[in-house]
Amino acid sequence: MGKAIVITSGKGGVGKTTTSANIGTALALMGKRVCLMDLDIGLRNLDVVLGLDNRIIYDIVDVASGRAKLPQALVKDKRFDDKLYLLPAAQNTDKTALEPDQVKTIVDELKPDYDYVLIDCPAGIEQGFMNAVAGADAAIVVTTPEISAVRDADRVVGLLEQHPLTEAPRLLINRIRRNMMQDGSMMDIDEITHHLGIELLGIIFDDDAVITTSNQGEPIVMQTDNPASQGYRNVARRLEGETVPLMKLEDQEEPGFWHRVSNWFHRG
Amino acid sequence: MQAAVLRGTQNGYDLVLKQSASLDQILVDLKTLLENLKIDPQAQEATKVSLDVLTEDRILTAEERQQIEQLVGQYPRFEIHKIAANVMTIADAVQMKERENVHLLSKVIRNGQEVDMTGDVLFLGTIHEGGKLQTTGNIFSMGNVAGILQAGYPDDESKLVMGNLKTAQQIRIAEQFDIIDPDDLEASAQTVAYVNDLHVLSYGNLNQLKKINPKLYNQIGGI
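Each protein sequence line maps, in turn, to chains A and B.
Counting along the first sequence from 1, when you hit position 95 you're at 95 in the UniProt record's numbering, and nothing is skipped either side.
Counting along the second sequence from 1, when you hit position 178 you're at 178 in the UniProt record's numbering, and nothing is skipped either side.
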């Protein structure tokens, strides 16, 4: 029996979809069977980020309304050898086309076949949010080190506490700019975590490659040496129960040979 | 046994409606009783009689009260002063107890959440920006407040808010409110917000409390 995790934030544009795609991909790379569910009905993106937008035949609203069977609507990602599937959102209707009960039925139907069902929640706290949360066992709250995103995350954590899931929500801080956080012009990781009062699941550094890769329909996790990719891989490992230390804010590059040579002269 | 009994007391007359009888029985007996008194020549001379209706361990519904009042109203000599029972509903009792207690609250009130309380609140938790704690009584805050505190809801201006209020967004007492300017308040856990005689929300210190609100001292047993 798999676990259903909703990825939510309250605020839009903090990287819920990117996070869903990348954690899903990272888990699939670790050999887990993952199903990604896009619940952003009317504004679907997850398929685009994964590069699967041209393969959609049926969507979640078709399944909920009985026009299609669940296996017909699932889109298989061929890159991952039967590990990663996507249940796309509908594009021709809006969030009211689904009821929380319908989503829960679909999630319950998916859970026995997959290790993880990742639910990509739409922005906002209206019906779309309620739908996304309905079937979930756990939640990942995504925020960025900005006051507006943290406020909205606080609101969402409050809502999740009112309707508790099986597991307490965990925090993912996205788009961290090392230089800004180091010089104190951005909210600190500890400050955000302490303020929200929930467990920190991971931090993701801001990286230009995240945008370029998602434009190409290929999640950043596929690039092994990228710091953002490393962040998502660490999150996936923590979800699997491993203890992985947080990535350091400081650049970890070893000083090069000539740099060390020049250092000898400086000391003298 | 009579279901409706008239008793004379030092203060006047008690009309006791027996709890063991049904309301229909009471209405019949009451009618008989009032009819008897009407034809009693001795009673004719007396002036208007005010009745304290005692219902023993029975609480009358509004409809039942109306039936009793209507029946007594047919006899101009009698009027109902009050209707009282020995008991009260559990809901009323809880409300009464709530009003008098100091409640301990130690939760996190997040953005968008509103906690509604009755009576005085000793707050030990955290209010995030956009959160609101609202009560009918006083608020004694020992926690971190970055949201809104409302005491004396909806209209009791005698209530106070105490604690470190510097980081709060707003303080409200009854209908008065103040948007906190952190530069104006000192970071003291002894700040007291109150509504002054001019109905303006103002701030004092704990050592001026006796002057600000002497009633609070009566309540807790002081002079």
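Note that beta-carbon positions come from the ideal geometry of N, C-alpha and C, so glycine has one too.
It should be emphasised that the depicted structure is a prediction, and the values quoted were computed from it without experimental measurement.
Item	Value
Residues bridged to Asn144 of chain B [DSSP beta-bridge criterion]	B:Thr126
Chain A residues whose Cβ lies nearer than 8 Å to that of Gly130 of chain B	Arg151, Asp154 and Arg155
The region 181-194 of chain A touching the region 154-166 of chain A, judged by at least three CB pairs closer than 8 Å	no
CA-to-CA distance, Tyr116 of chain A to Lys32 of chain A, given in whole angstroms	8 Å
CB contact below 8 Å: Gly124 of chain A versus chain B	no
Classification of Gly256 of chain A by the beta-carbon crowding that lies within 10 angstroms, buried from 16 upward	exposed
Supposed contact pair Thr135 of chain B and Met162 of chain B - C-beta distance, whole angstroms, cut 8 Å	About 13 Å; that fails the 8 Å criterion.
Local Cβ density within 10 Å of Leu15 of chain B, reported as buried at 16 or more and exposed below that	buried
Below-8 Å beta-carbon distance, Gly12 of chain A vs any chain B residue	no
Neighbour list for Gln113 of chain B in chain A, Cβ cutoff strictly below 7 Å	Gly158
Touching by the beta-carbon criterion (3+ pairs, under 8 Å), the region 144-154 of chain B and the region 162-176 of chain B	yes
CB contact below 8 Å: Val145 of chain B versus chain A	no
Check whether Lys111 of chain A and Met1 of chain A have beta carbons under 8 Å apart	yes
Per-residue DSSP class, three states only, for Met1 of chain A	coil
Length at least 3, wholly inside the region 162-216 of chain B: the beta strand (DSSP E) runs in chain order	170-173, 176-179, 191-195 and 201-205
Arg65 of chain B versus B:Ala84, B:Leu133 and B:His199, residue with shortest Cα-Cα distance	B:Ala84
Nearest neighbour of Ile5 of chain A, chosen from A:Lys248, A:Arg170, A:Ala149 and A:Ala64 [CA to CA]	A:Arg170
Nearest neighbour of Gln113 of chain B, chosen from B:Leu209, B:Leu71, B:Leu149 and B:Glu100 [CA to CA]	B:Leu149
Test: Arg58 of chain B CB closer than 8 Å to a CB of chain A	no
Arg175 of chain A burial status per 10 Å Cβ neighbour count (16 or more: buried)	buried
For Val244 of chain A, three-class secondary structure by DSSP	coil
Closer than 7 Å: Ile109 of chain B CB and nearest the ligand PLP heavy atom	Of the ligands one can find in the structure shown there are none, so the ligand PLP has no counterpart to examine.
Cβ of Ile223 of chain B within 8 Å of any chain A Cβ	Low confidence applies to Ile223 of chain B: its pLDDT is 42, below 50, so where it sits in the model is not reliable enough to give any reading.
Touch test, the region 141-153 of chain A against the region 50-70 of chain A, Cβ-Cβ under 8 Å, three pairs minimum	no
Rounded straight-line distance, which links the Cα of Lys215 of chain B to that of Ile223 of chain B	Any answer about Ile223 of chain B is weak, because its pLDDT of 42 lies below 50 and its placement is not dependable; what the coordinates show is given next. Taking the straight line from one Cα to the other gives about 10 Å.
Local conformation of Arg170 of chain A per DSSP, three classes	strand
Per DSSP, cross-strand counterpart(s) of Arg65 of chain B	According to DSSP, Arg65 of chain B bridges with nothing at all.
Residue-chain proximity (Gly197 of chain A, chain B), Cβ-Cβ < 8 Å	yes
Whole alpha helix (DSSP H) elements within the region 20-56 of chain A, 4-residue minimum	46-49
Span of the alpha helix (DSSP H) around Ser229 of chain A	Pro227 to Leu239
Collapsed DSSP secondary structure at Thr118 of chain B in the structure displayed	coil
Interface partners of Arg110 of chain B on chain A, CB under 8 Å	Asp154, Arg155, Val157, Gly158 and Glu161
Run of the alpha helix (DSSP H) containing Arg177 of chain A, from where it starts to where it stops	Neither: Arg177 of chain A is in no alpha helix (DSSP H) and is coded neither H nor E.
Inter-residue Cα distance where the pair is Asp101 of chain A and Asn131 of chain A	8 Å
CA nearest to the CA of Leu30 of chain B, picked from B:Ala21, B:Ile109 and B:Ala3	B:Ala3
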